[in-house]
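**Student:** All residue numbers for the sequence shown refer to our numbering, where the first residue is 16 and numbers rise by one. Think of the CB as a built atom: it goes at the ideal place given N, C-alpha and C, for glycine as much as any other residue.
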Amino acid sequence: MSASIAMNAEDTVLSAQGLVMRFGGITATNNVTLNLKRGARHALIGPNGAGKTTLINLLTGVLQPTEGKIILDGVDITTLAPHKRVGRGMVRTFQINQLFDTLTPLETLTMVVSQRHGLGGQWWRALGSSKKITERCEQLLQQFHLTAVMDQQTRVLAYGKRRLLEIAIALACEPRVLLLDEPVAGVPAGEREELLQTVAALPPDVSILLIEHDMDLVFSFSKFMTVLVNGTVLTEGEPQQIANDSRVKTVYLGHGDEINDDLNGMGADFNTVPPQGEAGGLTRG
Ligand SMILES: Nc1ncnc2c1ncn2[C@@H]1O[C@H](COP(=O)(O)OP(=O)(O)OP(=O)(O)O)[C@@H](O)[C@H]1O
Ligand SMILES: [Mg+2]
């Protein structure tokens, strides 16, 4: 192995290699290879049904691939149980918000942070009694703009706050790899800016794979992009390169030439263009 290949391997924190996932007759993941670099700001984009969530489910162990391998920090984790992957530093958020509705943000975070500190089943004892845990919770509440609502039941929180809490929970697990599945989905326009800024301010040493339809977020966040179509990697590259790729425009917009200027500005929201052509649009399911 040459020195440069060895260095590349060290650079890669998470590697999906030739992943295939079949559901009966549907190939949701078709020989996907994707490498997440250390400290990455990597976006995974593609139309509805492209297989983005399926890929996250494979990476996190919710699904077992039909074929292929998953390597985390040089260790083959293809058959490792989901909770053990979390233990190894790979954490996700969900496309559809999943939270404990009757707990408050403070209680929820105390529970997760306590778990990290081995207090697991007795998390309520940490409420106010463990300085280390209290401090970490306060820090997370602040970082995720949740301090003002920390004592309200999660079910009454605005959706943007719920999404922030979900990312806070993920970060409370002290991940090295964070997989974000559409963090902005369903968040009203007025609450989005706070979320975008918070995602942008996530710790640089956490390697992040972001799935998102919101192109404002994708292009402001990512340094590298992978485009998935029909379960297959269409192309990969830096944002500017992807924005100028006529195949990508065709997939998203049916016909690309008319919107060159928009995409060259790299702030285009592909969602705002009505679905056209066979590839389908970006209206969320
Ligand atoms: N458990 C399952 N059983 C059968 N088919 C599935 C299952 N999960 C996903 N699929 C199919 O796999 C394909 C990819 O779905 P997936 O949810 O991964 O797409 P996606 O890119 O996340 O889409 P979206 O942008 O709408 O979230 C779709 O055709 C979907 O219907
Ligand atoms: Mg999805």
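(1) Is there at least one Cβ from chain B nearer than 8 Å to T42's Cβ?
(2) Along the chain, which unbroken stretches of the alpha helix (DSSP H) at least 4 residues long are found entirely within the segment 33-116?
(3) Determine contact between the segment 49-66 and the segment 210-225, defined as no fewer than three beta-carbon pairs at a distance below 8 Å.
(4) Looking at K67 and ligand 2, is the gap between the Cβ and the nearest heavy atom below 7 Å?
(5) Are the segment 74-84 and the segment 124-133 touching by the rule of at least three beta carbon pairs closer than 8 Å?
(6) Could you tell me whether any non-hydrogen atom of ligand 2 is closer than 7 Å to the CB of Q212?
(7) Give me the Cα-Cα distance between Q154 and R37, rounded to the nearest whole angstrom.
(8) In the structure shown, what three-state DSSP assignment does E153 receive?
(9) Give the C-beta separation of D15 and T250 to the nearest angstrom, bearing in mind that I take them to be a contact with Cβ-Cβ under 8 Å.
(10) Would you say the beta carbon of D196 is closer than 7 Å to some non-hydrogen atom of ligand 2?
(11) Tell me the residue span of the beta strand (DSSP E) that contains M126.
(12) Indicate whether T213 and L180 have their beta-carbon atoms separated by less than 8 Å.
(13) Can you check which of these residues, N46, A65 and H98, is closest to S244 by C-alpha distance?
(14) Flag this pair as touching only if the segment 190-201 and the segment 101-114 have three or more C-beta atom pairs under 8 Å; answer yes or no.
(15) Restricting to Cα atoms, I'd like to know which of T149, A185, A204 and T117 is closest to Q168.
(16) In chain order, what residues of the same chain have a beta carbon less than 8 Å from the beta carbon of K147, not counting five sequence neighbours either side?
(17) Mind checking K99: buried by the 16 CB within 10 Å criterion, or exposed?
(18) Whole angstroms are fine: how far does the CA of N63 sit from the CA of Q291?
(19) Could you pull the DSSP bridge partners for D231 from this structure?
(20) So what does DSSP say about E251, is it helix, strand or coil?
(21) Compute the Euclidean distance between the alpha carbons of L124 and P97, then round it to the nearest angstrom.
(22) For a test of the three-state rule: what should DSSP assign to V244, helix, strand or coil?
(23) Could you give the distance in angstroms between the alpha-carbon of T119 and the alpha-carbon of V106?
(24) Work out the CA separation of A183 and N275 for me, nearest whole Å.
(25) With a CB to CB cut of under 6 Å and the five nearest residues on each side skipped, what residues in its chain are close to R191?
**Tutor:** Looking at the coordinates:
(1) Although the question refers to chain B, the structure presented lacks it and comprises just one protein chain.
(2) 67-75 and 97-102
(3) With the cut-off at 8 Å, the segment 49-66 and the segment 210-225 touch.
(4) yes
(5) no
(6) no
(7) Q154 and R37 have their C-alpha atoms some 42 Å from each other.
(8) helix
(9) Nothing in the structure corresponds to residue 15, since the chain is present only between 16 and 300.
(10) Yes, ligand 2 has a heavy atom inside 7 Å of this Cβ.
(11) Premise fails: M126 lies in the alpha helix (DSSP H), P120 to R131, not in any beta strand (DSSP E).
(12) no
(13) Per the sequence shown, the amino acid found at residue 244 is Val instead of Ser. Per the Cα distances, A65.
(14) yes
(15) T117
(16) H132
(17) Exposed.
(18) Below a pLDDT of 50, predicted positions are generally treated as unreliable, and Q291, at 33, falls in that range; no measurement from the model is reported.
(19) D231 is not bridged to any residue.
(20) strand
(21) 20 Å
(22) Looking at V244 - three-state DSSP - the assignment turns out to be strand.
(23) 21 Å
(24) Confidence at N275 is low in this model, with a pLDDT of 40, below 50, so the placement of that residue is unreliable and no value is reported for it.
(25) G104
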